[in-house]
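Reading through the structure tokens given below for one structure.
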Amino acid sequence: MIAPATPALAGSFTGASFESAISELPGGLPSWWLERKRAAYGSFAELPLPSRTDESWRFSNVSGVKLDGFMPPGAAGSGLTIADQGLTTKPTLVFANNRLHSSAGLAPDLVARGVVVTSLSEALRKHPDVLRAHFMAQPQRLGSAKFAALHTAFVGEGAFIHVPSGVEVPEPIVVVHSALGAGAAVFPHTLVIAEENSKVTVVDCFVSADETPQFACGANDIYAGHGSRVNYVGLQSWSGDTQSFQLNSTVVRRDARVQSLNLHLGGRQSRHESMSQLQAPGAFSEMLALTVAKGTQEFDQRTLQVHQAPNTKSDLLYKNALFDTARTIFSGLIIVDQDAQKTDAYQSNRNLMLSEDAEANSLPGLEIQANDVRCTHGATTSRIDPEQEFYLFSRGIPRARAHELLIFGFFEEVLNRLESEELHAALRSLIQSRFE
Amino acid sequence: MEETNTTLIAPDAATENPVSGIDQTAGNFSYDVKYEFDAGSGLSERVVEYISSVKKEAPWIREFRLKALKTFLSKPLPTHWATKDLEAIDFSKIRYYLSSGQKPKRTWDEVPADIKKTFERLGIPEQERKFLAGVEAQFDSEAAYSNVKEAVSKQGVIFLNSSEALREHPEIFRPWFGKVIPTGDNKFSALNSAVFSGGSFIYVPPGIKVSHPLQAYFRINAENFGQFERTLIIVDEGSEVTYMEGCTAPKFSTSTLHSAVVELVALKGAKIQYITVQNWASNVFNLVTKRGLAHEAAEIKWIDCNIGSRLTMKYPGVVLKGRKSRGEVISIALANDGQHQDTGAKMIHAADETTSNIVAKSISVGQGRSTYRGLVHIPKHLKGCKNNTECDALLINTNSRTDTYPAITVRGAENRCQHEASVSKVNEEQIFYMRQRGLTEGQAMSLSVNGFINDLARQFPMEYSVELKRLIDLQMEGSVG
Chain A
1 MIAPATPALA GSFTGASFES AISELPGGLP SWWLERKRAA YGSFAELPLP SRTDESWRFS
61 NVSGVKLDGF MPPGAAGSGL TIADQGLTTK PTLVFANNRL HSSAGLAPDL VARGVVVTSL
121 SEALRKHPDV LRAHFMAQPQ RLGSAKFAAL HTAFVGEGAF IHVPSGVEVP EPIVVVHSAL
181 GAGAAVFPHT LVIAEENSKV TVVDCFVSAD ETPQFACGAN DIYAGHGSRV NYVGLQSWSG
241 DTQSFQLNST VVRRDARVQS LNLHLGGRQS RHESMSQLQA PGAFSEMLAL TVAKGTQEFD
301 QRTLQVHQAP NTKSDLLYKN ALFDTARTIF SGLIIVDQDA QKTDAYQSNR NLMLSEDAEA
361 NSLPGLEIQA NDVRCTHGAT TSRIDPEQEF YLFSRGIPRA RAHELLIFGF FEEVLNRLES
421 EELHAALRSL IQSRFE
Chain B
1001 MEETNTTLIA PDAATENPVS GIDQTAGNFS YDVKYEFDAG SGLSERVVEY ISSVKKEAPW
1061 IREFRLKALK TFLSKPLPTH WATKDLEAID FSKIRYYLSS GQKPKRTWDE VPADIKKTFE
1121 RLGIPEQERK FLAGVEAQFD SEAAYSNVKE AVSKQGVIFL NSSEALREHP EIFRPWFGKV
1181 IPTGDNKFSA LNSAVFSGGS FIYVPPGIKV SHPLQAYFRI NAENFGQFER TLIIVDEGSE
1241 VTYMEGCTAP KFSTSTLHSA VVELVALKGA KIQYITVQNW ASNVFNLVTK RGLAHEAAEI
1301 KWIDCNIGSR LTMKYPGVVL KGRKSRGEVI SIALANDGQH QDTGAKMIHA ADETTSNIVA
1361 KSISVGQGRS TYRGLVHIPK HLKGCKNNTE CDALLINTNS RTDTYPAITV RGAENRCQHE
1421 ASVSKVNEEQ IFYMRQRGLT EGQAMSLSVN GFINDLARQF PMEYSVELKR LIDLQMEGSV
1481 G
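Following this line, the structure appears as structure tokens:
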């Protein structure tokens, strides 16, 4: 049985609430799945909360991390409406309050070629071995082992995307994870397995259906097999009063390429961890992020680029625009293992300050144990160029609009890296909505 | 003086560690000295009181020491971010105070022959002959020899060791003592505050440009000894001074601790340049806290070069307290087998229009590990602050290691901050070109490495940059093939 959880360490995620979440799971789930959840709950209840002296939480407002007052909610009513996030592609899977809300079928030719896009609970029945091999299989190296355990313990539903060898999925697969109601705790999960030489684009949308305090503790696993190409876009627009954790892990195999772009707009306090492991020669991971931080929002982004094999490449560019009294933290680390010669790694964090009271923290780090490498990193923090601002003013453009244009100019370097016109437009319109 | 024997410690140092052994041999000797005052091993209130009574200190200093001891004991080792190697220090085995009881001598002739022999081997008299204005040499706990050129004291410059200065000029030094680096700043500054001895206290009166650099030399002679010198330099309005320190120790089989506190105070419009060439033996833990306080339009520049020691943790900082003040850190680190150079810089902006610049270059050879750790802090409501940081690391061998851990906080839209770092290896085309012109691989490597640090080495005074070049040549000889 589970050790009794102390309120200080578990908040409202008590042993009883865990048992009740387990009892609501559909029947017929494999026993290893339930055992894993129990073990994870044990770790969650034991592991300490982050503290101020914890290096992996440096500069974070650790006292703002609250586990009280949240519960896995009941099912969302049928009246759930979700904004379309500016996308023209209809979502394949929509999750609401940890349950599958609706799903659309895949194109018949993709089904015929073996592409699977389904819910975790169905995958547990039909593809248990693939799921078991990849679900939360990577180490937690960025400081959130406790929240990863919480996620595993409470995860109810999620997306399972499996693309077989040689198959290219032409349209993006859109997954919506939503939360509804005050105090709702949701645990979104997306698992993407791209087999040899396949190609897929996955878009995760994280949305609150109302402006109430919510709790999100999500994770995703991306596995890019030999020669595959995975594009991943995460659009985070939780309610302004949401405490959010998102723990992403990417494994890149030989000659595979993964591009991920995370757009951070919502949440009161959002922690985003992203780890890329480059495991075989020719692997390439491109890690991109854009953040619009307003009001009293805190965005805490931690990244890890691990070069585990020779001739691998990673390229990270995180851009933040800060307004009001918002805070951002970027803490990045490039690790080059001893035999990862010929590594090419880049890491850059750019902060644009639009307020006297905003605060940007940068911790760009390197740990290099091989000598034949090209590793550079940079971090800059500055305001809008007064000359550019003056030029726009002199053309009669009002201040707010001028700043908007200049912020889009600042973000364009990242947006331009997206291949898809549709995604480019969707991101622009989501960012635009934050200026209205 | 008693008869003394010169003991070459670990004569096989050069063979067991051919690369790092080379540069150590100049300082790798020690003398059997009969110490008149010896506080014994381990740290307690009794030891702290013993040091204070030997020095015949005022009660406030004794209180300061005892309070610092409590702080030291209550603070944990900072291993949540620093290397676990710190746990190898056994504080109970360290000897905290050793002195042969002599008063600082004012001329070279008065220095006891045995101690003179130590310094002669280190080349101090040569430097004296090279018109250096003042030398203060510290042998274990106490300054053994110091000489301030007449011209400098005529200018009103006070250059004393810590005990003399606090005794003779408390009105000048007490107001700033422990103010730039409070006792509780970190565990090792607390340790230093409890057991400090020796070091240089300097005061430069207003409007004086001290034309020649002042110099100090630190040496650890005894096994298991901890050296805890304390330096406080106060430069009054519009004055300028350059201070240089060097350090060596013989290689003992057990580890040795050096934990200094250096405080600089630059009043309005003053300029301080502080140069360190650290070449401790490869078993010394070198854990030093250095910080300057720059008032309006003042300028503090740290030039810090770390070649020796087992573990160095040193992040010279500047608190930019006055408008338009400026801070700069130029750092060179060379880590060879068994060494970890954990160095960097801290820039705390606390007034408008302050600027800071950090340029750090490190070279890792063999299994050496060099780390850059930096802090740049620009709090809110400041305007026109600028920081520029550049760190470059050069890795020589396939198993060399380098880390970079900067932390940058900027609040407000009126400030600017940029940080850049790169890691590279020696350019193969350059090596090929030089070899094709008839240079050996070792020569080509050392030319290339010297080229890497050349723009920084040029900022060192001549004798130090020549020494640095020579050390790099020696280190590179063993690193290829």
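Order-wise, the sequence lines are chains A and B. Per the working numbering, residue 1 is the first one in the first sequence, and the count goes up by one each step. Per the working numbering, residue 1001 is the first one in the second sequence, and the count goes up by one each step. The C-beta atom is built at its ideal place from N, Cα and C for all residues, glycine as well. Every value quoted in this text rests on a predicted model; they were computed, and no experiment measured them.
If distances are taken between C-alpha atoms only, which option among the options comes closest to residue i?
{"i": "residue 130 of chain A", "options": "A/188, A/114, A/193 and A/75", "result": "A/193"}
{"i": "residue 1214 of chain B", "options": "B/1233, B/1197 and B/1229", "result": "B/1233"}
{"i": "residue 319 of chain A", "options": "A/430, A/413 and A/358", "result": "A/413"}
{"i": "residue 253 of chain A", "options": "A/311, A/212, A/242 and A/36", "result": "A/311"}
{"i": "residue 1269 of chain B", "options": "B/1281, B/1299, B/1059 and B/1257", "result": "B/1299"}
{"i": "residue 99 of chain A", "options": "A/365, A/45, A/27 and A/187", "result": "A/187"}
{"i": "residue 1062 of chain B", "options": "B/1265, B/1046 and B/1297", "result": "B/1046"}
{"i": "residue 423 of chain A", "options": "A/235, A/7 and A/41", "result": "A/235"}
{"i": "residue 1094 of chain B", "options": "B/1074, B/1367, B/1042 and B/1191", "result": "B/1042"}
{"i": "residue 1362 of chain B", "options": "B/1441, B/1038, B/1451 and B/1171", "result": "B/1451"}
{"i": "residue 1341 of chain B", "options": "B/1306, B/1055, B/1317 and B/1245", "result": "B/1306"}
{"i": "residue 1403 of chain B", "options": "B/1467, B/1424, B/1037 and B/1284", "result": "B/1424"}
{"i": "residue 377 of chain A", "options": "A/389, A/433, A/304 and A/353", "result": "A/304"}
{"i": "residue 1263 of chain B", "options": "B/1173, B/1391, B/1433 and B/1308", "result": "B/1173"}
{"i": "residue 1392 of chain B", "options": "B/1227, B/1354, B/1226 and B/1455", "result": "B/1455"}
{"i": "residue 39 of chain A", "options": "A/71, A/326 and A/22", "result": "A/22"}
{"i": "residue 122 of chain A", "options": "A/368, A/110 and A/93", "result": "A/93"}
{"i": "residue 1244 of chain B", "options": "B/1188, B/1354, B/1302 and B/1283", "result": "B/1302"}
{"i": "residue 1370 of chain B", "options": "B/1312, B/1378, B/1419 and B/1359", "result": "B/1312"}
{"i": "residue 6 of chain A", "options": "A/41, A/315, A/179 and A/316", "result": "A/41"}
{"i": "residue 272 of chain A", "options": "A/338, A/10, A/49 and A/57", "result": "A/57"}
{"i": "residue 1283 of chain B", "options": "B/1198, B/1322 and B/1256", "result": "B/1256"}
{"i": "residue 165 of chain A", "options": "A/72, A/115 and A/284", "result": "A/115"}
What does residue i pair with, by DSSP beta-bridge criteria?
{"i": "residue 1330 of chain B", "result": "B/1303 and B/1359"}
{"i": "residue 1425 of chain B", "result": "B/1395"}
{"i": "residue 275 of chain A", "result": "A/249 and A/304"}
{"i": "residue 1386 of chain B", "result": "B/1355 and B/1416"}
{"i": "residue 367 of chain A", "result": "A/335 and B/1403"}
{"i": "residue 235 of chain A", "result": "A/205 and A/263"}
{"i": "residue 1228 of chain B", "result": "DSSP lists no partner for residue 1228 of chain B."}
{"i": "residue 989 of chain B", "result": "Residue 989 of chain B is absent from the model: chain B starts at 1001 and stops at 1481."}
Taking 7 Å as the cut-off, does the CB of residue i come closer than this to any heavy atom belonging to the ligand ZN?
{"i": "residue 1385 of chain B", "result": "Among the components of this structure there are no ligands whatsoever, and the ligand ZN is therefore not found."}
### Task
Would you check if the segment 142–152 of chain A and the segment 93–104 of chain A touch, i.e. whether three or more CB-CB distances between them fall below 8 Å?
Fewer than three beta-carbon pairs drawn from the segment 93–104 of chain A and the segment 142–152 of chain A are found closer than 8 Å, and the two stretches are therefore not classed as touching.
### Query
At a cut of 8 Å, does the segment 1074–1083 of chain B reach the segment 1201–1216 of chain B through at least three beta carbon pairs?
Too few Cβ pairs lie closer than 8 Å, so no.
#### Entry: Every unbroken beta strand (DSSP E) within the segment 47–75 of chain A, with a cutoff of 3 residues, ordered by chain
If you keep only unbroken beta strand (DSSP E) runs of at least 3 residues inside the segment 47–75 of chain A, you get nothing at all.
### Task
Assess, as a yes-or-no matter, whether the segment 266–284 of chain A is touched by the segment 394–414 of chain A under the definition of 3 or more beta carbon pairs within less than 8 Å.
As far as the Cβ criterion goes, the segment 394–414 of chain A does not touch the segment 266–284 of chain A, which means the pair count is below three.
### Query
Closer than 9 Å, Cβ to any Cβ of chain A: which residues of the segment 1407–1421 of chain B, in chain order?
Result list: 1407, 1408, 1409, 1410, 1411, 1412, 1413, 1414, 1415, 1416, 1417, 1418, 1419, 1420 and 1421.
### Message
Taking beta-carbon pairs under 9 Å, can you tell me which members of the segment 1172–1187 of chain B lie near chain A?
### Response
In summary, no residue of the segment 1172–1187 of chain B has a CB separated from any CB of chain A by less than 9 Å.
### Task
Output, in sequence order along the chain, the residues in the segment 1348–1369 of chain B whose CB is closer than 7 Å to any CB in chain A.
Those residues of the segment 1348–1369 of chain B that come within reach of chain A (Cβ to Cβ, closer than 7 Å) do not exist; the list is empty.
### Query
What residue ranges within the segment 1034–1089 of chain B form continuous beta strand (DSSP E) runs of no fewer than 3 residues, ordered along the chain?
List check, beta strand (DSSP E) in window: nothing returned.
### Query
What runs of the alpha helix (DSSP H), each 4 residues or longer, lie entirely inside the segment 1–44 of chain A?
Fully enclosed alpha helix (DSSP H) runs of 4 or longer: 7–10 and 15–23.
### Message
Please identify, using Cβ separations under 8 Å, the residues of the segment 360–382 of chain A that lie next to chain B, in order along the chain.
### Response
The residues in question are 360, 361, 362, 363, 364, 365, 366, 367, 368, 369, 370, 371, 372, 373, 374, 375, 376, 377, 378, 379, 380, 381 and 382.
### Message
Within 8 Å, do at least three Cβ pairs link the segment 79–87 of chain A to the segment 194–210 of chain A?
### Response
Put simply, the segment 194–210 of chain A touches the segment 79–87 of chain A. At least three CB pairs are less than 8 Å apart.
### Task
List in chain order: all unbroken beta strand (DSSP E) runs of 3+ residues lying wholly within the segment 147–231 of chain A.
Residue ranges of uninterrupted beta strand (DSSP E) with 3 or more members, entirely inside the segment 147–231 of chain A and ordered along the chain, are 159–163, 173–179, 189–194, 199–208 and 214–224.
### Query
Which residues, in order along the segment 1447–1460 of chain B, keep a beta-carbon less than 7 Å from a beta-carbon of chain A?
For the segment 1447–1460 of chain B, which is checked against every Cβ of chain A, not one residue is closer than 7 Å.
#### Entry: Members of the segment 34–59 of chain A near chain B, C-beta cut-off 8 Å
Answer set for the segment 34–59 of chain A: 53, 54, 55, 58 and 59.
### Task
Only counting runs of 4 or more residues, tell me where the alpha helix (DSSP H) segments fall wholly within the segment 1182–1217 of chain B, in order along the chain.
Qualifying alpha helix (DSSP H) stretches, in chain order: 1187–1195.
### Query
Three or more C-beta pairs closer than 8 Å, one from the segment 133–140 of chain A and one from the segment 228–243 of chain A: is that the case here?
Verdict: no, contact absent.
### Query
Is the number of C-beta pairs between the segment 341–361 of chain A and the segment 1405–1423 of chain B that are closer than 8 Å three or more?
The segment 341–361 of chain A is in contact with the segment 1405–1423 of chain B.
### Task
Determine contact between the segment 1328–1347 of chain B and the segment 1360–1376 of chain B, defined as no fewer than three beta-carbon pairs at a distance below 8 Å.
Short answer: they touch.
### Message
Measuring CB atoms only, is the segment 1236–1247 of chain B touching the segment 1171–1179 of chain B, in the sense that at least three cross pairs come out at less than 8 Å?
### Response
Segments in contact, no.
### Query
Taking three-plus beta-carbon pairs below 8 Å as touching, is the segment 1183–1192 of chain B in contact with the segment 1287–1302 of chain B?
Segments in contact, yes.
### Query
Closer than 8 Å, Cβ to any Cβ of chain B: which residues of the segment 348–360 of chain A, in chain order?
Within the segment 348–360 of chain A, the qualifying residues are 351, 353, 354, 355, 356, 357, 358, 359 and 360.
### Task
Determine which residues of the segment 1391–1408 of chain B have a Cβ less than 8 Å from any Cβ of chain A, and write them out in chain order.
Hits within the stretch, in order: 1393, 1395, 1396, 1397, 1398, 1399, 1400, 1401, 1402, 1403, 1404, 1405, 1406, 1407 and 1408.
#### Entry: Interface residues of the segment 298–310 of chain A facing chain B [CB-CB below 7 Å]
Correct list: empty, as no residue qualifies.
### Message
Which residues of the segment 259–286 of chain A have a Cβ closer than 8 Å to any Cβ of chain B? Give them in chain order.
### Response
From the segment 259–286 of chain A, no residue has a Cβ closer than 8 Å to chain B.
### Task
Check each residue of the segment 225–252 of chain A: if its Cβ is closer than 8 Å to any Cβ of chain B, include it; give the result in chain order.
Taking 8 Å as the Cβ-Cβ cut-off, the segment 225–252 of chain A has no residue approaching chain B.
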